[in-house]
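Numbering (my numbering), first residue to last: 3 to 436.
C-beta atoms are modelled at their ideal positions from N, C-alpha and C, and glycine is treated no differently.
Being a predicted model, the structure only gives us computed values, none of them experimental.
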(Lines of atoms letter the chains of each structure in order from A and count residues from 1; the text may use other names and numbers.)
(Lines give C-alpha, C1' and ligand atoms only; values in the text may rest on other atoms or scores of the structure.)
Protein backbone atom coordinates (compact mmCIF):
# COMPACT_ATOMS: atom_id res chain seq x y z
CA UNK A 1 0.00 0.00 0.00
CA UNK A 2 1.31 3.45 -0.91
CA UNK A 3 2.21 6.00 1.78
CA UNK A 4 2.70 9.02 -0.48
CA UNK A 5 0.47 9.80 -3.42
CA UNK A 6 2.21 8.97 -6.71
CA UNK A 7 1.85 11.02 -9.87
CA UNK A 8 -0.82 9.52 -12.12
CA UNK A 9 -1.06 9.96 -15.89
CA UNK A 10 -4.22 11.91 -16.64
CA UNK A 11 -6.73 10.78 -19.26
CA UNK A 12 -10.05 12.40 -20.21
CA UNK A 13 -11.92 15.01 -18.19
CA UNK A 14 -14.37 13.57 -15.70
CA UNK A 15 -17.22 15.76 -16.91
CA UNK A 16 -20.08 13.60 -15.65
CA UNK A 17 -18.43 13.64 -12.23
CA UNK A 18 -18.89 17.41 -11.88
CA UNK A 19 -21.76 17.30 -9.32
CA UNK A 20 -19.53 15.22 -7.02
CA UNK A 21 -15.94 16.34 -7.52
CA UNK A 22 -16.67 20.01 -6.83
CA UNK A 23 -18.34 19.44 -3.48
CA UNK A 24 -16.55 21.22 -0.62
CA UNK A 25 -16.88 18.14 1.59
CA UNK A 26 -16.21 14.46 1.03
CA UNK A 27 -19.23 12.22 0.61
CA UNK A 28 -19.92 8.80 2.15
CA UNK A 29 -19.07 5.66 0.23
CA UNK A 30 -21.72 3.73 -1.69
CA UNK A 31 -21.53 -0.01 -1.01
CA UNK A 32 -23.17 -3.20 -2.20
CA UNK A 33 -23.01 -5.92 0.45
CA UNK A 34 -23.32 -9.45 -0.93
CA UNK A 35 -23.91 -12.47 1.32
CA UNK A 36 -22.93 -15.91 0.07
CA UNK A 37 -23.92 -19.42 1.17
CA UNK A 38 -20.34 -20.51 1.70
CA UNK A 39 -17.30 -18.75 3.23
CA UNK A 40 -15.26 -16.75 0.74
CA UNK A 41 -12.01 -18.13 -0.64
CA UNK A 42 -9.80 -15.04 -0.55
CA UNK A 43 -7.26 -16.34 -3.07
CA UNK A 44 -9.97 -17.13 -5.62
CA UNK A 45 -11.63 -13.77 -5.01
CA UNK A 46 -8.35 -11.97 -5.78
CA UNK A 47 -7.95 -13.96 -8.98
CA UNK A 48 -11.54 -13.09 -9.95
CA UNK A 49 -10.78 -9.42 -9.28
CA UNK A 50 -7.63 -9.62 -11.40
CA UNK A 51 -9.59 -11.13 -14.29
CA UNK A 52 -12.19 -8.36 -14.00
CA UNK A 53 -9.51 -5.66 -14.05
CA UNK A 54 -7.89 -7.17 -17.13
CA UNK A 55 -11.28 -7.22 -18.87
CA UNK A 56 -12.23 -3.68 -17.75
CA UNK A 57 -8.95 -1.85 -17.07
CA UNK A 58 -10.78 1.47 -16.86
CA UNK A 59 -12.25 0.33 -13.53
CA UNK A 60 -8.76 0.61 -12.01
CA UNK A 61 -8.48 4.31 -12.86
CA UNK A 62 -8.15 6.99 -10.24
CA UNK A 63 -8.69 10.75 -10.51
CA UNK A 64 -6.32 13.66 -10.60
CA UNK A 65 -6.66 17.44 -10.66
CA UNK A 66 -4.93 19.65 -13.20
CA UNK A 67 -5.41 23.32 -12.33
CA UNK A 68 -9.14 23.41 -11.64
CA UNK A 69 -10.28 20.48 -13.77
CA UNK A 70 -10.68 16.86 -12.68
CA UNK A 71 -9.52 14.01 -14.90
CA UNK A 72 -9.65 10.25 -14.89
CA UNK A 73 -6.10 8.95 -14.58
CA UNK A 74 -4.30 5.65 -15.12
CA UNK A 75 -3.52 3.85 -11.88
CA UNK A 76 -0.97 1.01 -12.23
CA UNK A 77 -1.08 0.14 -8.52
CA UNK A 78 -2.66 -3.24 -7.69
CA UNK A 79 -6.31 -3.48 -6.72
CA UNK A 80 -6.67 -5.70 -3.68
CA UNK A 81 -9.48 -7.94 -2.47
CA UNK A 82 -8.72 -7.18 1.17
CA UNK A 83 -9.65 -9.46 4.06
CA UNK A 84 -11.39 -6.73 6.04
CA UNK A 85 -14.71 -6.99 7.87
CA UNK A 86 -16.44 -3.99 6.34
CA UNK A 87 -15.84 -0.96 4.17
CA UNK A 88 -12.56 0.86 3.59
CA UNK A 89 -11.88 4.53 2.82
CA UNK A 90 -12.15 4.27 -0.94
CA UNK A 91 -10.04 6.58 -3.11
CA UNK A 92 -7.04 7.17 -0.87
CA UNK A 93 -3.88 5.36 0.14
CA UNK A 94 -5.84 2.63 1.96
CA UNK A 95 -7.15 1.37 -1.40
CA UNK A 96 -4.08 2.31 -3.48
CA UNK A 97 -6.05 5.32 -4.74
CA UNK A 98 -8.57 3.12 -6.54
CA UNK A 99 -12.12 4.48 -6.63
CA UNK A 100 -13.69 1.03 -6.51
CA UNK A 101 -12.90 -1.38 -3.70
CA UNK A 102 -13.56 -4.99 -2.72
CA UNK A 103 -13.34 -6.39 0.81
CA UNK A 104 -14.46 -9.68 2.30
CA UNK A 105 -14.87 -11.52 5.57
CA UNK A 106 -16.51 -14.85 6.30
CA UNK A 107 -19.29 -15.30 3.74
CA UNK A 108 -19.75 -11.60 2.97
CA UNK A 109 -18.24 -9.37 0.26
CA UNK A 110 -18.44 -5.58 0.12
CA UNK A 111 -18.16 -3.74 -3.22
CA UNK A 112 -17.61 -0.02 -2.67
CA UNK A 113 -17.45 2.98 -4.98
CA UNK A 114 -16.92 6.71 -5.00
CA UNK A 115 -20.04 8.06 -6.71
CA UNK A 116 -18.03 10.62 -8.66
CA UNK A 117 -16.27 7.77 -10.44
CA UNK A 118 -19.32 5.84 -11.64
CA UNK A 119 -22.96 5.21 -10.84
CA UNK A 120 -24.96 2.16 -9.79
CA UNK A 121 -24.76 0.60 -13.24
CA UNK A 122 -21.00 1.00 -13.14
CA UNK A 123 -20.56 -0.75 -9.81
CA UNK A 124 -23.00 -3.47 -10.92
CA UNK A 125 -20.77 -4.22 -13.92
CA UNK A 126 -17.83 -4.46 -11.51
CA UNK A 127 -19.41 -6.78 -8.97
CA UNK A 128 -21.15 -8.97 -11.54
CA UNK A 129 -17.88 -9.60 -13.33
CA UNK A 130 -15.99 -10.39 -10.11
CA UNK A 131 -18.71 -12.75 -8.88
CA UNK A 132 -18.97 -14.45 -12.29
CA UNK A 133 -15.26 -15.24 -12.45
CA UNK A 134 -15.20 -16.23 -8.77
CA UNK A 135 -18.00 -18.78 -9.09
CA UNK A 136 -16.71 -20.15 -12.39
CA UNK A 137 -13.38 -20.92 -10.72
CA UNK A 138 -14.88 -22.08 -7.43
CA UNK A 139 -17.37 -24.45 -9.07
CA UNK A 140 -15.16 -25.49 -11.98
CA UNK A 141 -17.95 -24.51 -14.39
CA UNK A 142 -17.96 -22.05 -17.26
CA UNK A 143 -21.33 -20.51 -16.50
CA UNK A 144 -23.24 -18.64 -19.20
CA UNK A 145 -22.30 -14.98 -18.58
CA UNK A 146 -25.76 -13.89 -19.77
CA UNK A 147 -24.87 -10.23 -20.29
CA UNK A 148 -22.08 -10.04 -17.71
CA UNK A 149 -18.80 -8.52 -18.93
CA UNK A 150 -16.68 -11.64 -18.65
CA UNK A 151 -13.10 -11.97 -19.85
CA UNK A 152 -14.31 -14.00 -22.83
CA UNK A 153 -15.25 -10.63 -24.38
CA UNK A 154 -13.25 -7.49 -25.15
CA UNK A 155 -13.77 -4.02 -23.71
CA UNK A 156 -15.09 -1.42 -26.14
CA UNK A 157 -14.87 2.36 -26.28
CA UNK A 158 -18.59 2.48 -25.59
CA UNK A 159 -17.94 1.25 -22.05
CA UNK A 160 -15.99 4.41 -21.20
CA UNK A 161 -18.12 6.88 -23.17
CA UNK A 162 -18.53 10.26 -21.47
CA UNK A 163 -22.29 11.07 -21.57
CA UNK A 164 -21.63 14.82 -21.50
CA UNK A 165 -19.02 14.78 -24.26
CA UNK A 166 -21.31 15.52 -27.19
CA UNK A 167 -24.53 17.21 -28.28
CA UNK A 168 -27.52 14.93 -28.77
CA UNK A 169 -29.93 15.21 -31.66
CA UNK A 170 -33.38 16.35 -30.59
CA UNK A 171 -36.51 16.00 -32.74
CA UNK A 172 -37.18 19.26 -34.66
CA UNK A 173 -40.72 19.53 -33.32
CA UNK A 174 -39.76 18.92 -29.69
CA UNK A 175 -40.42 21.68 -27.18
CA UNK A 176 -39.15 21.45 -23.64
CA UNK A 177 -42.12 21.32 -21.23
CA UNK A 178 -42.81 24.66 -19.62
CA UNK A 179 -41.06 25.07 -16.30
CA UNK A 180 -43.70 25.31 -13.61
CA UNK A 181 -43.26 26.10 -9.97
CA UNK A 182 -43.40 22.76 -8.17
CA UNK A 183 -45.83 22.93 -5.27
CA UNK A 184 -44.38 22.55 -1.81
CA UNK A 185 -44.30 18.89 -0.90
CA UNK A 186 -44.80 17.20 2.43
CA UNK A 187 -41.68 16.63 4.52
CA UNK A 188 -41.54 13.95 7.18
CA UNK A 189 -41.20 15.56 10.63
CA UNK A 190 -39.50 12.49 12.14
CA UNK A 191 -36.48 12.81 9.87
CA UNK A 192 -33.87 14.91 11.67
CA UNK A 193 -30.14 15.41 11.11
CA UNK A 194 -27.77 12.93 12.73
CA UNK A 195 -24.26 14.36 13.15
CA UNK A 196 -22.91 10.87 13.92
CA UNK A 197 -23.87 9.64 10.49
CA UNK A 198 -25.38 6.33 11.65
CA UNK A 199 -28.00 5.05 9.24
CA UNK A 200 -31.02 3.02 10.33
CA UNK A 201 -32.26 0.41 7.86
CA UNK A 202 -35.80 -0.96 7.97
CA UNK A 203 -36.11 -3.86 5.55
CA UNK A 204 -38.85 -5.94 3.95
CA UNK A 205 -39.01 -8.94 1.68
CA UNK A 206 -41.76 -9.41 -0.86
CA UNK A 207 -42.09 -12.39 -3.25
CA UNK A 208 -41.44 -11.20 -6.80
CA UNK A 209 -44.24 -13.23 -8.39
CA UNK A 210 -46.91 -11.91 -6.01
CA UNK A 211 -45.77 -8.32 -6.37
CA UNK A 212 -45.47 -8.38 -10.16
CA UNK A 213 -48.92 -9.97 -10.41
CA UNK A 214 -50.25 -7.06 -8.30
CA UNK A 215 -48.41 -4.54 -10.51
CA UNK A 216 -49.85 -6.06 -13.69
CA UNK A 217 -53.38 -6.21 -12.28
CA UNK A 218 -53.26 -2.48 -11.63
CA UNK A 219 -51.62 -1.50 -14.93
CA UNK A 220 -48.62 0.08 -13.26
CA UNK A 221 -44.85 -0.33 -13.25
CA UNK A 222 -42.90 -1.66 -10.24
CA UNK A 223 -41.49 1.75 -9.32
CA UNK A 224 -44.88 3.47 -9.60
CA UNK A 225 -46.61 0.77 -7.58
CA UNK A 226 -44.05 0.86 -4.79
CA UNK A 227 -44.27 4.65 -4.76
CA UNK A 228 -48.05 4.48 -4.39
CA UNK A 229 -47.82 2.04 -1.50
CA UNK A 230 -45.21 4.15 0.31
CA UNK A 231 -47.23 7.32 -0.35
CA UNK A 232 -50.32 5.67 1.14
CA UNK A 233 -48.29 4.63 4.18
CA UNK A 234 -47.00 8.17 4.71
CA UNK A 235 -50.53 9.57 4.58
CA UNK A 236 -51.69 6.89 7.00
CA UNK A 237 -48.88 7.73 9.44
CA UNK A 238 -49.45 11.47 8.97
CA UNK A 239 -53.17 12.07 8.32
CA UNK A 240 -52.61 15.79 8.94
CA UNK A 241 -50.30 16.13 5.92
CA UNK A 242 -51.52 19.27 4.13
CA UNK A 243 -49.24 19.28 1.08
CA UNK A 244 -48.69 16.70 -1.69
CA UNK A 245 -46.62 13.59 -1.08
CA UNK A 246 -44.02 13.56 -3.85
CA UNK A 247 -41.68 10.76 -4.91
CA UNK A 248 -38.35 11.26 -6.64
CA UNK A 249 -37.39 8.24 -8.78
CA UNK A 250 -33.80 8.32 -10.15
CA UNK A 251 -33.23 6.48 -13.40
CA UNK A 252 -30.48 5.67 -15.86
CA UNK A 253 -30.94 7.52 -19.16
CA UNK A 254 -28.42 5.43 -21.11
CA UNK A 255 -31.07 4.04 -23.42
CA UNK A 256 -32.51 7.48 -24.18
CA UNK A 257 -29.02 8.84 -24.97
CA UNK A 258 -27.85 5.77 -26.89
CA UNK A 259 -24.93 5.01 -24.57
CA UNK A 260 -26.15 1.84 -22.88
CA UNK A 261 -22.67 0.48 -22.12
CA UNK A 262 -21.00 3.37 -20.28
CA UNK A 263 -19.93 2.86 -16.68
CA UNK A 264 -19.91 6.60 -15.94
CA UNK A 265 -22.60 8.62 -14.21
CA UNK A 266 -25.61 8.82 -16.52
CA UNK A 267 -28.88 9.49 -14.76
CA UNK A 268 -31.83 11.79 -14.33
CA UNK A 269 -35.06 11.57 -12.41
CA UNK A 270 -38.81 11.68 -12.58
CA UNK A 271 -41.08 13.18 -9.91
CA UNK A 272 -44.63 11.97 -9.25
CA UNK A 273 -47.37 13.19 -6.89
CA UNK A 274 -48.48 10.00 -5.15
CA UNK A 275 -50.68 11.53 -2.47
CA UNK A 276 -52.46 14.68 -1.34
CA UNK A 277 -53.87 15.57 -4.77
CA UNK A 278 -57.34 15.29 -6.40
CA UNK A 279 -56.23 11.90 -7.78
CA UNK A 280 -56.69 10.49 -4.26
CA UNK A 281 -60.43 10.31 -4.96
CA UNK A 282 -59.92 7.88 -7.84
CA UNK A 283 -60.06 4.10 -7.44
CA UNK A 284 -56.62 2.59 -6.82
CA UNK A 285 -56.20 1.09 -10.30
CA UNK A 286 -57.20 4.35 -12.02
CA UNK A 287 -54.70 6.28 -9.93
CA UNK A 288 -52.01 3.74 -10.84
CA UNK A 289 -52.80 4.13 -14.53
CA UNK A 290 -52.63 7.93 -14.33
CA UNK A 291 -49.32 7.88 -12.50
CA UNK A 292 -47.96 5.35 -14.98
CA UNK A 293 -48.97 7.71 -17.81
CA UNK A 294 -47.24 10.60 -16.03
CA UNK A 295 -44.13 8.44 -15.66
CA UNK A 296 -44.09 7.62 -19.39
CA UNK A 297 -44.60 11.27 -20.28
CA UNK A 298 -41.62 12.32 -18.17
CA UNK A 299 -39.43 9.61 -19.71
CA UNK A 300 -39.45 11.38 -23.08
CA UNK A 301 -36.10 10.73 -24.79
CA UNK A 302 -36.00 14.17 -26.41
CA UNK A 303 -36.40 15.80 -23.01
CA UNK A 304 -33.44 13.92 -21.56
CA UNK A 305 -31.32 14.68 -24.63
CA UNK A 306 -32.15 18.37 -24.34
CA UNK A 307 -31.32 18.32 -20.62
CA UNK A 308 -27.99 16.60 -21.28
CA UNK A 309 -27.16 19.13 -23.99
CA UNK A 310 -27.77 21.96 -21.54
CA UNK A 311 -26.01 20.33 -18.60
CA UNK A 312 -23.15 19.12 -20.80
CA UNK A 313 -22.46 22.67 -21.95
CA UNK A 314 -22.45 23.85 -18.34
CA UNK A 315 -20.26 21.03 -16.98
CA UNK A 316 -17.80 21.12 -19.88
CA UNK A 317 -17.54 24.88 -19.66
CA UNK A 318 -16.78 24.76 -15.97
CA UNK A 319 -13.97 22.25 -16.35
CA UNK A 320 -12.50 23.82 -19.48
CA UNK A 321 -12.42 27.27 -17.88
CA UNK A 322 -11.34 26.21 -14.40
CA UNK A 323 -7.88 27.33 -13.32
CA UNK A 324 -7.87 26.88 -9.53
CA UNK A 325 -9.54 23.89 -7.88
CA UNK A 326 -9.79 25.53 -4.45
CA UNK A 327 -11.54 28.50 -6.02
CA UNK A 328 -13.98 26.14 -7.72
CA UNK A 329 -14.88 24.68 -4.33
CA UNK A 330 -15.95 28.14 -3.12
CA UNK A 331 -18.72 28.30 -5.70
CA UNK A 332 -22.26 27.36 -4.62
CA UNK A 333 -22.69 23.60 -4.39
CA UNK A 334 -26.26 23.26 -5.55
CA UNK A 335 -26.01 19.48 -5.50
CA UNK A 336 -25.74 19.58 -1.69
CA UNK A 337 -29.06 21.39 -1.29
CA UNK A 338 -31.19 19.48 -3.77
CA UNK A 339 -34.58 18.69 -2.25
CA UNK A 340 -35.46 15.08 -2.91
CA UNK A 341 -39.15 15.61 -2.16
CA UNK A 342 -41.09 13.54 0.39
CA UNK A 343 -39.29 10.32 -0.41
CA UNK A 344 -36.70 9.00 -2.80
CA UNK A 345 -37.00 5.49 -4.22
CA UNK A 346 -34.07 3.93 -6.04
CA UNK A 347 -35.45 0.99 -8.00
CA UNK A 348 -32.21 -0.87 -8.69
CA UNK A 349 -33.72 -3.91 -10.41
CA UNK A 350 -31.79 -7.18 -10.36
CA UNK A 351 -28.44 -8.69 -11.28
CA UNK A 352 -28.09 -10.73 -14.44
CA UNK A 353 -29.37 -14.20 -13.56
CA UNK A 354 -26.83 -16.98 -13.84
CA UNK A 355 -26.30 -20.59 -12.81
CA UNK A 356 -24.84 -19.67 -9.42
CA UNK A 357 -27.42 -17.05 -8.38
CA UNK A 358 -28.83 -19.28 -5.64
CA UNK A 359 -25.40 -19.34 -3.97
CA UNK A 360 -25.84 -15.61 -3.30
CA UNK A 361 -28.34 -15.37 -0.46
CA UNK A 362 -28.69 -11.62 0.04
CA UNK A 363 -27.80 -8.22 -1.42
CA UNK A 364 -27.97 -4.89 0.40
CA UNK A 365 -27.31 -1.45 -1.05
CA UNK A 366 -25.76 0.71 1.65
CA UNK A 367 -25.73 4.45 1.10
CA UNK A 368 -26.31 7.67 2.99
CA UNK A 369 -29.96 8.74 2.76
CA UNK A 370 -30.90 11.53 0.38
CA UNK A 371 -30.35 15.13 1.46
CA UNK A 372 -33.04 16.90 3.49
CA UNK A 373 -36.13 15.68 5.33
CA UNK A 374 -36.52 12.84 2.87
CA UNK A 375 -37.16 9.14 3.31
CA UNK A 376 -34.78 7.06 1.19
CA UNK A 377 -35.75 3.64 -0.17
CA UNK A 378 -33.62 1.14 -2.08
CA UNK A 379 -35.28 -1.72 -3.96
CA UNK A 380 -33.55 -4.73 -5.47
CA UNK A 381 -34.89 -8.03 -6.80
CA UNK A 382 -32.88 -11.20 -6.23
CA UNK A 383 -33.72 -14.91 -6.23
CA UNK A 384 -37.45 -14.44 -6.50
CA UNK A 385 -37.84 -11.72 -3.89
CA UNK A 386 -37.83 -7.96 -3.73
CA UNK A 387 -35.75 -6.52 -0.90
CA UNK A 388 -37.12 -3.12 0.06
CA UNK A 389 -35.16 -1.03 2.55
CA UNK A 390 -36.02 2.31 4.13
CA UNK A 391 -32.97 4.33 5.13
CA UNK A 392 -32.90 7.30 7.49
CA UNK A 393 -30.59 8.86 10.05
CA UNK A 394 -33.39 8.97 12.63
CA UNK A 395 -36.19 6.74 13.87
CA UNK A 396 -38.79 6.21 11.11
CA UNK A 397 -40.30 3.06 12.59
CA UNK A 398 -43.83 4.50 12.37
CA UNK A 399 -43.42 4.92 8.60
CA UNK A 400 -41.89 1.45 8.24
CA UNK A 401 -44.75 -0.12 10.22
CA UNK A 402 -47.26 1.74 8.05
CA UNK A 403 -45.58 0.49 4.85
CA UNK A 404 -45.80 -3.09 6.06
CA UNK A 405 -49.45 -2.71 7.02
CA UNK A 406 -50.41 -1.03 3.74
CA UNK A 407 -48.86 -3.88 1.77
CA UNK A 408 -50.70 -6.44 3.88
CA UNK A 409 -53.96 -4.55 3.44
CA UNK A 410 -53.48 -4.87 -0.33
CA UNK A 411 -53.01 -8.61 0.05
CA UNK A 412 -49.25 -8.66 -0.48
CA UNK A 413 -47.31 -11.32 1.50
CA UNK A 414 -44.66 -8.95 2.86
CA UNK A 415 -42.47 -9.78 5.83
CA UNK A 416 -40.32 -7.37 7.78
CA UNK A 417 -36.65 -7.83 8.63
CA UNK A 418 -34.84 -6.86 11.84
CA UNK A 419 -33.76 -3.22 11.95
CA UNK A 420 -30.07 -2.83 11.10
CA UNK A 421 -27.60 0.02 11.61
CA UNK A 422 -24.51 0.96 9.66
CA UNK A 423 -22.07 3.83 9.27
CA UNK A 424 -20.32 4.58 6.01
CA UNK A 425 -16.77 5.96 5.84
CA UNK A 426 -16.20 9.09 3.79
CA UNK A 427 -14.51 8.70 0.43
CA UNK A 428 -11.09 10.32 0.24
CA UNK A 429 -10.30 10.62 -3.45
CA UNK A 430 -8.56 13.99 -2.86
CA UNK A 431 -6.11 12.54 -0.32
CA UNK A 432 -2.63 13.74 -1.18
CA UNK A 433 -3.94 16.26 -3.74
CA UNK A 434 -5.37 19.08 -1.63
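Residue burial classification, residue i (beta-carbon count within 10 angstroms, cutoff 16)
i	result
residue 322	exposed
residue 2	Past the boundaries of the shown model lies residue 2; the chain is included only from 3 to 436, so the question cannot be answered.
residue 2	Nothing about residue 2 can be reported from this structure: the residues present for the chain run from 3 to 436 only.
residue 177	exposed
residue 155	exposed
residue 69	exposed
residue 153	buried
residue 247	buried
residue 375	buried
residue 123	buried
residue 6	exposed
residue 30	buried
residue 205	buried
residue 173	exposed
residue 429	buried
residue 56	exposed
residue 121	buried
residue 252	buried
residue 215	exposed
residue 151	buried
residue 15	buried
residue 149	exposed
residue 125	buried
residue 328	exposed
residue 142	exposed
residue 161	buried
residue 423	exposed
residue 87	exposed
residue 26	exposed
Residue i - DSSP class collapsed to helix/strand/coil
i	result
residue 361	helix
residue 29	coil
residue 135	helix
residue 315	helix
residue 286	helix
residue 436	coil
residue 297	helix
residue 351	strand
residue 327	helix
residue 207	strand
residue 346	strand
residue 151	coil
residue 339	Here the model assigns residue 339 a pLDDT of 47, short of 50, so the residue's position is not dependable and the matter cannot be decided.
residue 2	Absent from the model: residue 2. The displayed extent of the chain is 3 to 436, so no value can be given.
residue 423	strand
residue 140	helix
residue 192	coil
residue 15	strand
residue 168	coil
residue 176	coil
residue 7	coil
residue 356	coil
residue 163	coil
residue 121	coil
residue 146	coil
8 Å contact criterion, which residue i and residue j should meet: CB distance rounded
i	j	result
residue 77	residue 64	4 Å
residue 381	residue 349	5 Å
residue 267	residue 343	Not a contact, Cβ separation roughly 21 Å.
residue 264	residue 163	4 Å
residue 383	residue 351	6 Å
residue 233	residue 294	That belief does not hold up - the Cβ atoms of residue 233 and residue 294 are roughly 14 Å apart, past 8 Å.
residue 433	residue 93	7 Å
residue 333	residue 179	Not quite, the Cβ-Cβ distance comes to about 28 Å (not below 8 Å), so this is no contact.
residue 75	residue 62	Contact doesn't hold; Cβ gap of about 10 Å is too wide.
residue 394	residue 202	6 Å
residue 331	residue 24	6 Å
residue 405	residue 235	4 Å
Test: residue i CB closer than 9 Å to a CB of chain C
i	result
residue 284	Absent from the structure: chain C. Only one protein chain is present.
Requested in this report: Count the C-beta pairs between the segment 410 to 418 and the segment 64 to 84 that are closer than 8 Å, then say yes if the count reaches three, no if not.
Outcome: The count of Cβ pairs closer than 8 Å, one atom from the segment 410 to 418 and one from the segment 64 to 84, stays below three, leaving the stretches out of contact.
Report task. Examine the Cβ distances between the segment 280 to 291 and the segment 36 to 51 and report whether three or more of them are shorter than 8 Å. Result -> No, the segment 280 to 291 is not in contact with the segment 36 to 51.
Query - the segment 103 to 115 in contact with the segment 10 to 23 per 3-pair CB rule at 8 Å - result: With the cut-off at 8 Å, the segment 103 to 115 and the segment 10 to 23 do not touch.
Report task. Enumerate, from N- to C-terminal direction, the unbroken beta strand (DSSP E) stretches of 3 or more residues contained entirely within the segment 210 to 275. Result -> If we require 3 residues or more, the beta strand (DSSP E) runs fully inside the segment 210 to 275 come out as 247 to 254.
Query - Length at least 3, wholly inside the segment 19 to 101: the beta strand (DSSP E) runs in chain order - result: Whole beta strand (DSSP E) segments, 3+ residues: 32 to 38, 64 to 68, 71 to 75 and 83 to 85.
Requested in this report: Count the CB pairs spanning the segment 157 to 175 and the segment 311 to 331 that are closer than 8 Å, and state whether there are at least three.
Outcome: Contact between the segment 157 to 175 and the segment 311 to 331 is present, because at least three Cβ pairs lie under 8 Å.
Requested in this report: Taking 8 Å as the threshold, find out whether the segment 130 to 138 comes into contact with the segment 271 to 284 through three or more Cβ pairs.
Outcome: Judged by Cβ distances under 8 Å, the segment 130 to 138 makes no contact with the segment 271 to 284, as fewer than three pairs qualify.
Query raised in the report: Quick one: complete beta strand (DSSP E) runs, 3+ long, within the segment 379 to 420?
Result: When DSSP assignments are scanned along the segment 379 to 420, the uninterrupted stretches of beta strand (DSSP E) that are 3 or more residues long and fall wholly within it turn out to be 387 to 394.
Query raised in the report: Are the segment 21 to 38 and the segment 110 to 122 in contact at 8 Å, needing three or more beta carbon pairs?
Result: Segments in contact, yes.
Report task. Tell me, please, whether the segment 206 to 217 touches the segment 353 to 366 by the rule of three or more beta-carbon pairs shorter than 8 Å. Result -> In short, these stretches do not touch, since the Cβ pair count stays below three.
Query raised in the report: Is it a yes or a no for the segment 394 to 403 touching the segment 187 to 195, going by three-plus beta-carbon pairs under 8 Å?
Result: Contact between the segment 394 to 403 and the segment 187 to 195 is present: 3 or more CB-CB pairs across the two stretches fall below 8 Å.
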